[in-house]
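A short write-up of the structure that comes next.
Residue numbers (my numbering): 21 to 224.
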């Protein structure tokens, strides 16, 4: 005789929400980094067993890449938006301010998923580390190109070294991530941004 519980077990399984599962994976990778995240943690966070994860997203590397794309198009989308600001000064102010707001938020892991992921990768995760470093290099290059445009528009001094300036901003951005992960408050980090902006270059 079938009991109500037996019928329930044999019924249709709960609908799989791919976006929600990937969101949960992103949060775990963001908090612990690629190498620091275990499959058991992913299985628990995503509420999926290992074969189901592999079938839906691929292996751990492939899942991480998908989670990273979700991070770039979601929480970290402000980076691309900031580059579209009308002046170089505003680009930097918006970029760093939004970074502080995200990296010190109570609702998400602290720090930057890309920065933290690259720092915590060991020899066994060299490929992932190189990919993350490549993303950081692309970020720096996009800043350099934006600052070149600013020079053309007389928004920066003619003798401004755009490569060095881009690296300077990238270093501040990465430092915000490391400090936020270590417990720095929003107020602490905004005070640093105030100093950066007070010393920002002006056109000749």
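Glycine included, each C-beta is placed from N, C-alpha and C at the ideal position.
Around the beta carbon of residue 203, fewer than 16 other beta carbons lie within 10 angstroms, which makes this residue exposed. Where residue 199 is concerned, the enclosing alpha helix (DSSP H) starts and stops at 182-201.
Here residue 131 carries a coil assignment [DSSP, helix/strand/coil]. The beta carbon of residue 80 sits closer than 7 Å to those of 59, all from its chain and outside the five residues before and after it, given in chain order. Using a Cβ-Cβ distance cut-off of 8 Å, the segment 162-174 and the segment 89-98 are not in contact, since fewer than three pairs of beta carbons, one from each stretch, lie closer than that value.
Residue 116 places its beta carbon 7 Å or farther from that of residue 215.
For residue 50, the enclosing alpha helix (DSSP H) has its first and last residue at 38-56. Between residue 184 and residue 171 a beta carbon distance of about 13 Å is seen, past the 8 Å cut, so the two are scored as non-contacting. Counting other Cβ atoms within 10 Å of its Cβ, residue 36 stays below 16 and is therefore classed as exposed.
If you ignore the 5 residues before and after residue 201, its C-beta comes within less than 7 Å of the C-beta of 130, 131, 136, all in its own chain and listed in chain order.
Between residue 75 and residue 123, the alpha-carbon positions lie close to 32 Å from each other. For residue 65, the secondary structure class from DSSP, reduced to helix, strand or coil, is helix. Separation of residue 55 and residue 140 (C-alpha to C-alpha, rounded to the nearest whole angstrom) is 7 Å. Around residue 102, the same chain offers 111, 114, 115 as residues with beta carbons nearer than 6 Å, after the five sequence neighbours per side are excluded.
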